[in-house]
Each structure stands twice: as structure tokens, then as C-alpha cells.
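Colleague:
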Amino acid sequence: MSGTVQRTGRWRGLSAAALLVGALGLLTWTPALLPVAALAVALLAYGRVVAPPAGTLALTRSVDDPDPDPGDEVTVRLTVENVGDRTIPECRLVDGVPPALRVVDGAPSLGTSLRPGGTATLSYTVEAASGIHEFQPATVLLRDAAGVIERRVEVAADDATELGEPPRLDDGQRLPLRAANARFAGRRTVDGSGDGLTFRTIREYRRGDPLSRIDWQRRARAGELATVEFHPERSLPVVLVIDTRPVAAVAPSPEGETAVERSLSAAAALFGGLSADDHRVGVATLGPERAWLAPGRGRAHEQRARELFSNSVERGGDDGAGGAASDATDAGRGWLRERLPGTAEVIVLTPAVDDAVVGLIEGVAALGTPVSVVSPDPTAENTAGRTLARFERRDRLADVRASGVPVVDVGPSEGVERALATAGWSR
Amino acid sequence: MVAVKPGRLAAGYATGAAVVGFVLAGVGALATVLGGLGLLGVTVGSVRGRATLVTVGSLGQFGAVVTGGVTGAGAPQLVGAGAAVVVAWTVGRTATELRATLDETAATHRLETTHAAGTTAIALAAAGIAVAPTVVSVEATPVGVGLLLVGSICLTAALALAPDESM
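Going down the list, the protein sequences come from chains W and A. Residue 573 in the numbering used here sits at position 162 of the first sequence; the count goes up by one each step and never skips. Residue 44 in the numbering used here sits at position 38 of the second sequence; the count goes up by one each step and never skips.
What follows is the structure, encoded as C-alpha cells:
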């Protein structure tokens, strides 16, 4: 745990002051000024020989509820102990609170001094959010008594490195899909007959009916040929495209949920609902680290989706995270087009705060892919600039609707799940 | 314990140190004016979290020390004033840093008291080293004074300019 050592520049200019006072003392024949110069030189010497405190710290974190529901308040306690044999005169510590968790009480930072074996504890309360959130290592600055040299270390806590539970997918939201010509067998029955598992009727045999569909018991009993018919079952590959770019991590107020968090909540709800209807659901995130989960089914698939939703909350909340994958003008259109299965229906979850994502929606729709949009509104209108941003967003959504793409616009104070439950696509 | 915002204790201590510097260096009108302005700068800067103002205030107090020396103040008095100015500058800057970098409700009183006490101890030790030669009475020769002068300039330059090997 050596960390990085650097001088703080706290006494920058002291050497100039020493020389200046010494020179003035000589020029004005003032011997009393020379000891002042000597004072400065002695302090410079201290600054040169002093060593930074060793990073001998151990952190222990505890939370009063490791699996809280979203919105619950959880108290986090972090204890720092000096496990070395030297006093640490100055220790500044900031805990690595996951970006998606809001601190509602107390402070995740501490300034203290620690004797050998000494401990200090900080306590704060966070509001839990959907998904699993990993605590980052705490950032610690250790300085000498006068603060002229510092050591910066990152210290991970032993316990309670995660908070929360994966988003629930089981009781998700249904949303009417757009594709009329479903082509793949699934659990949803439709009015008509064809391949499937659910019995519909028995009809008279016609030439060309497959042998596997002939009711052989009836043939044995009555000597006539009949064909069994089933309800055809349809399911669709559906891809949820979530806008987790840093530009989308905006909220109507500093305390409010960001559009990325709301989009991910909506995506988790939709994933559960669509999976429950036996659709094969895939996920794509447009954040700095783009992620792609091809449409699929099954527990392992759901587990991967849960991890994706949890991780994307973290990444989406990072300030200024602009990886190589981010392209302000493209928003990942080309990347997405390369991956979309030809038969997939696409639901884009985006706050629509820039034109790039509109280009992506229109680009995907131009391929003939049925596209729908769920858009959490992150705008406010308490200032002229914010009102302008709201009008711009409305214009963008109007453009999207004009290109034939239905939109669910979720108001700033409206619950995403409620909006989906009552959703009618607006065109 | 009464909750004190980060930096408040340090700001109070820096102001106290600046008052000491002002009192010790305030010999003559110009030194008093400079010291008073410096005291104001350190106080306002450390309380309001303006590091530049703290530095400018300390510079004013440094000017008061130099002016006081030229006016005729004694060496121990000037060294004491200089040490007080260094403490005010250092602790005042810490107050602004704590205010800027830690949360408003963070507990920092232990850090601030240790830092203030530690800085004061270092400044007093340095002041002791600086004043010691004036207490010891020696017969100064021109060559000795010249060598001492060259040596002190070399030492200052070396401390200020030498590459840092500890990093």
C-alpha cells in the first residue's frame, strides 16, 4: 500500500522569502532580519527531510441492511485503523460510495489523526437504488503534521463491498409489441392453428398433413384418419436498447433519479414482462462501455441481464466517463446495426436529450425493424435554459413520432413502471 | 460534541496566529498597517475558504515583519512574528482545503487540532534554531560573516532547487 507520494507545495515561495529577507537585512544593515531568513531556511530543511506517513491503514465497512429495497435508507459505517507503529498526523479519507447511491445523511468523508492502533469511524446514510452497487476503495490522503508532503492511497474495505440486490425480472411489465408477423414458437397463443403445444381441435384428414399430426388412436378405434391441430405459439426476439451514455445521466433535480437509472428500471421491468411472455429478450447499452446481450431465454440469460442492468447503473453514473466507444455524433448506431438480428423488435429507452440518439432510432427504423421508444423525461422548467431543453426534447420526440415510431413519454415525476402499466404508444 | 464545519477550527487558529504575528511585527505605522491588512486577509480567507486571500494576507504580514525589522524590532520578536505568520499561512490554507474537499458534515476536529499543534511545534522548533545564534555571543570576523552568508545562500538554494529523491 505505497500509493503515490508528492509534495503539496504548501510552502512554495518560502525560499524566495528567505533570500529576500536576508538580502534586505544586509542592504539595510539590519542584523535582526537575518534570523528571520534562518527561520525560513530551517522550515525549508524540515520540508526537505520529512517523510510522508506510511499507508498502514485497515478499513472495515458495515451496512445495517445488505439487501435493501430501492428507496430504503441504509446506514454505512466505515472504521479506519492505523495498523502501523507510527502516528499518522493527518489522514483525510473519502469513502468510495457507488455513484448511483445518494448520501441522504451524514458524510462519507473524514479528517482525523491516528495513533498506532488508533481508530476512527465515519457513518452516513445512503438511499438504496435498484441493482447491486459495489463500493469503490476509499481514497486516503496521509500528510505530515505541517502538511508539506502527502501520500495518496486507495484502500479497499474488508467487508460489505456491495449493497443491494439484482433488479427483479419476474414480475415485470408487459408492453404491446409492434411486430404483427411473429415467426417463432413461444408461449403466447394466437387465434389460428398451426404448430404448437396447446390442443385446439381435431379435423378431418387432408392430403399432405404430416404423419406426426395424425390421431393414431382414433385411426385404431374408428378406422378413419383425423388430424390434430394445435394453437400456434409465437414469440419474438426483442432487444432493449438502453441509453446509458454520460449525456443521458441527467435528472430534473440534483436529488432526483437520473434518466439512466429510470431507463434501467424500465428495462428491467420490460425484460421481466417480455420473458414471462416467452419472448427472447436481448439487451444493448449505449454507454461508454457498450454491452450486448443477444436475445435469449433461460435462467443464465436472466442472470446476465441482471448483472448488465446493475453494472450499467454504476457506469452510467460516472462523471465525464467518455470511453473510446463513445461517439457523440453516432450514439452507437453502426455498432447496434451490426448486432441486431434481422427479425428483432427494438425498444429504445432514452431520455432523448441529444440528436445522436434520434439518429440511431431513425437509422434502426429505416432497416425495417419495428422500433418503439420509452423516454423518461429528465427536464425541468424552473429556468429559461431548462425550459428550452424541454422544448428541444419535445421536438426530438415529435420527429421520432413523425417517422412512425411510437413513444411512451414518462413524465419527470411519473413512476416508470406505472407509466408502462398504463402505456399506450403515442404516435 | 458540537458539530463544527470542516476548516472552522483551523480558521480560528490561523486567525489567532495572525493576531500574534500582527502584535509582534506591528512596530511603526507602516508595519502596523501591513500587519492589519494581512490579518484581515488571513481571517477572511480562511473563514470564507479563499486560499489566495490567505496567501496574500500572509504576504502582507511578511511585509510587516520586514518593515518592523527595518524600523528596529529585535530579532527574537521578529522571528516569533515570522513563525506566527508561517503558522497562520499553513493552518489557514489547510482550513480552505478542508472546506473545499470534505463534506460539510464531516468530522475533522481531530485533524485540525493535530495539524495546528504540529505546525506550531515545527515553527517554534525552527524559530528556536534561528534565534539560537543571536543568543550565543561570538566574536564575528569579516571572513566568518562572509563564509556564513555564502553558506546560507547555498543551503537555501540547495533546499529549494535540489531534485526530490524521496519520490
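Ideal Cβ positions, reconstructed from N, Cα and C, are used throughout, including at glycine.
#1: Just to confirm before moving on: does the CB-CB distance between G63 (chain A) and L46 (chain A) stay below 8 Å?
#2: Could you list which residues in chain W have their beta carbon closer than 8 Å to that of L46 (chain A), in chain order?
#3: Is the CB-CB distance between L685 (chain W) and V649 (chain W) below 8 Å?
#4: Are the stretch 611-619 of chain W and the stretch 659-668 of chain W touching by the rule of at least three beta carbon pairs closer than 8 Å?
#5: Kindly indicate if chain W contains any beta-carbon less than 8 Å away from that of L117 (chain A).
#6: Mind checking who V784 (chain W) pairs with in its DSSP beta bridge?
#7: Determine the contact status of S786 (chain W) and L808 (chain W), defining contact as a CB-CB distance below 8 Å.
#8: Would A35 (chain A) count as contacting chain W if we go by Cβ distances under 8 Å?
#9: My guess is that G98 (chain A) and V26 (chain A) are in contact by the Cβ rule of under 8 Å, so how many angstroms apart are they, rounded?
#10: Would you please verify whether the beta carbon of R704 (chain W) is less than 8 Å from any beta carbon of chain A?
#11: For T439 (chain W) and chain A, any beta-carbon pair shorter than 8 Å?
#12: Kindly list, in the order they appear in chain A, the residues whose Cβ is closer than 8 Å to that of L455 (chain W).
#13: Which partner residues does S64 (chain A) have in the DSSP bridge list?
#14: How close, in whole Å, do the beta carbons of A428 (chain W) and F68 (chain A) come, if the pair is a contact with beta carbons under 8 Å?
#15: With a cut-off of 8 Å, does the C-beta of A763 (chain W) fall near any C-beta of chain A?
#16: Quick one: what does DSSP say A702 (chain W) is sitting in, helix, strand or coil?
#17: Got a sec, what are the start and stop residues for the alpha helix (DSSP H) S824 (chain W) sits in?
#18: Could you tell me the alpha carbon to alpha carbon distance between A677 (chain W) and D516 (chain W), rounded to whole angstroms?
#19: So with Cβ pairs under 8 Å, would you call D730 (chain W) a contact of chain A?
#20: Once you ignore the five residues that flank R614 (chain W) on each side, which residues in its own chain have a CB closer than 8 Å to its CB?
#21: Can you name, in chain order, every residue of its own chain whose Cβ lies under 6 Å from the Cβ of L155 (chain A), other than the five neighbours on each side?
#22: List the whole-angstrom C-beta distance separating A540 (chain W) from R472 (chain W), where the pair is believed to meet the contact cut-off of C-beta under 8 Å.
#23: Using the three-state DSSP reduction, which class does Y616 (chain W) fall into: helix, strand or coil?
#24: In this structure, how does DSSP classify G88 (chain A) when only helix, strand and coil are distinguished?
#25: Just reading off the alpha helix (DSSP H) that T471 (chain W) is part of, what are its end residues?
#26: Please say whether V782 (chain W) and V818 (chain W) have beta carbons closer to each other than 8 Å?
#27: Relative to the alpha-carbon of A87 (chain A), which residue among W:V775, W:L444, W:L552 has its alpha-carbon at the smallest distance?
#28: Using DSSP bridges, identify the partner residues of I857 (chain W).
#29: With three or more beta-carbon pairs closer than 8 Å as the criterion, would you say the stretch 519-538 of chain W touches the stretch 107-114 of chain A?
#30: With 16 other CB atoms within 10 Å as the buried threshold, where does G41 (chain A) fall?
#31: Can you give the beta carbon distance from V764 (chain W) to P789 (chain W), rounded, assuming they're within the 8 Å contact cut?
#32: I'd like to check one pair, A511 (chain W) with H544 (chain W): are the Cβ atoms closer than 8 Å?
#33: Run through DSSP, which three-state label would M56 (chain A) get?
#34: In the structure shown, what three-state DSSP assignment does G44 (chain A) receive?
#35: Measuring alpha carbon to alpha carbon, tell me which of W:V452, W:L552, W:V694 ends up nearest V491 (chain W).
#36: Who are the Cβ neighbours of A106 (chain A) in its own chain at under 7 Å, not counting the five residues just before and after it?
Modeller: Let's see:
#1: Position 57 of the second sequence holds residue 63 (chain A). Position 40 of the second sequence holds residue 46 (chain A). Against a cut-off of 8 Å, the Cβ pair of L46 (chain A) and G63 (chain A) comes out as a contact.
#2: Your numbering for residue 46 (chain A) matches position 40 in the second sequence. None at all; the shortest Cβ gap to chain W is about 20 Å.
#3: What you label residue 685 (chain W) is simply residue 274 of the first sequence in a count that begins at 1. What you label residue 649 (chain W) is simply residue 238 of the first sequence in a count that begins at 1. For L685 (chain W) and V649 (chain W), yes; Cβs fall inside 8 Å.
#4: no
#5: Taking the first residue of the second sequence as position 1, residue 117 (chain A) is located at position 111. Interface residue, yes.
#6: To locate residue 784 (chain W), count along the first sequence from 1; it is residue 373. The partner list for V784 (chain W) (beta bridge, DSSP) reads W:V759, W:V818.
#7: Numbered from its first residue, the first sequence carries residue 786 (chain W) at position 375. Numbered from its first residue, the first sequence carries residue 808 (chain W) at position 397. Yes, these two residues count as a Cβ contact at 8 Å.
#8: Position 29 of the second sequence, counted from the start, is the residue given in the question as residue 35 (chain A). No, no contact with chain W.
#9: Within the second sequence, residue 98 (chain A) is the residue found at index 92, counting from 1. Within the second sequence, residue 26 (chain A) is the residue found at index 20, counting from 1. No, G98 (chain A) and V26 (chain A) are not in contact; Cβ-Cβ is about 13 Å, not under 8 Å.
#10: For the purposes of this step, residue 704 (chain W) is taken as the residue at position 293 of the first sequence. Checking the sequence, you will find Leu at residue 704 (chain W) rather than Arg. So no, L704 (chain W) is outside the interface.
#11: For this step, residue 439 (chain W) is matched to residue 28 along the first sequence. Yes, T439 (chain W) lies at the interface with chain A (some Cβ there is under 8 Å from its Cβ).
#12: Position 44 of the first sequence, counting from 1, holds the residue named residue 455 (chain W). By Cβ distance, chain A contributes T162, L165, A166.
#13: Residue numbering aside, residue 64 (chain A) sits at position 58 when the second sequence is read from its first letter. S64 (chain A) pairs with nothing; no bridge assigned.
#14: Within the first sequence, numbered from 1, the residue matching residue 428 (chain W) stands at position 17. Within the second sequence, numbered from 1, the residue matching residue 68 (chain A) stands at position 62. The Cβ separation is near 6 Å, so the contact holds.
#15: By 1-based counting over the first sequence, the position of residue 763 (chain W) is 352. No - not a single Cβ of chain A is within 8 Å of the one on A763 (chain W).
#16: Looking up residue 702 (chain W) in the first sequence gives position 291. Strand.
#17: Counting from 1 along the first sequence, the entry for residue 824 (chain W) is found at position 413. Looking at the DSSP string, S824 (chain W) is not in any alpha helix (DSSP H), and its letter there is neither H nor E.
#18: For the purposes of this step, residue 677 (chain W) is taken as residue 266 along the first sequence, with counting starting at 1. For the purposes of this step, residue 516 (chain W) is taken as residue 105 along the first sequence, with counting starting at 1. Looking at the two C-alpha atoms, the distance is approximately 28 Å.
#19: On the first sequence, position 319 is the one that residue 730 (chain W) refers to. Low confidence applies to D730 (chain W): its pLDDT is 44, below 50, so where it sits in the model is not reliable, and the reading given next is rough at best. Output row for D730 (chain W): interface = no.
#20: Here residue 614 (chain W) is taken as the residue at index 203 of the first sequence, counted from 1. Here the set comprises A637, T638, E640.
#21: Taking the second sequence and counting its residues from 1, the one referred to as residue 155 (chain A) is at position 149. Cβ within range, chain order: n/a, list empty.
#22: Translated into the one-based positions of the first sequence, residue 540 (chain W) becomes position 129. Translated into the one-based positions of the first sequence, residue 472 (chain W) becomes position 61. The pair is not a contact, with the Cβ atoms about 18 Å apart (cut-off 8 Å).
#23: If you number the first sequence from 1, residue 616 (chain W) lands on position 205. Coil.
#24: Within the second sequence, numbered from 1, the residue matching residue 88 (chain A) stands at position 82. Three-state result, G88 (chain A): helix.
#25: Mapped onto the first sequence, residue 471 (chain W) falls at position 60. T471 (chain W) -> not in any alpha helix (DSSP H); beta strand (DSSP E) instead, spanning 468-474.
#26: The residue labelled residue 818 (chain W) in the question sits at position 407 within the first sequence. The residue labelled residue 782 (chain W) in the question sits at position 371 within the first sequence. Going by C-beta atoms, V818 (chain W) is not nearer than 8 Å to V782 (chain W).
#27: As a working mapping, residue 87 (chain A) is identified with position 81 in the second sequence. It is W:L444 whose Cα lies nearest to the Cα of A87 (chain A).
#28: No information on residue 857 (chain W) is available, as it lies outside the stretch 412 to 838 that chain W covers here.
#29: yes
#30: Working through the second sequence from its first residue, we reach residue 41 (chain A) at position 35. Label assigned to G41 (chain A): buried.
#31: Your numbering for residue 764 (chain W) matches position 353 in the first sequence. Your numbering for residue 789 (chain W) matches position 378 in the first sequence. Contact flag correct, Cβ pair sits at about 7 Å.
#32: In the first sequence, the residue the question calls residue 544 (chain W) occupies position 133. In the first sequence, the residue the question calls residue 511 (chain W) occupies position 100. It is a contact, given that the beta carbons lie within the stated cut-off.
#33: Taking the first residue of the second sequence as position 1, residue 56 (chain A) is located at position 50. The sequence shown places Arg at residue 56 (chain A), rather than the Met named in the question. Looking at R56 (chain A) - three-state DSSP - the assignment turns out to be coil, as it is neither helix nor strand.
#34: Within the second sequence, the letter at position 38 stands for residue 44 (chain A). Note: G44 (chain A) maps to helix in three-state DSSP.
#35: As a position in the first sequence, residue 491 (chain W) is number 80, starting the count at 1. Selected option, being the one with the closest Cα: W:L552.
#36: Sequence index remark: in the second sequence, residue 106 (chain A) carries index 100 (1-based). For A106 (chain A), where only same-chain residues beyond five positions count, the Cβ hits under 7 Å are G55.
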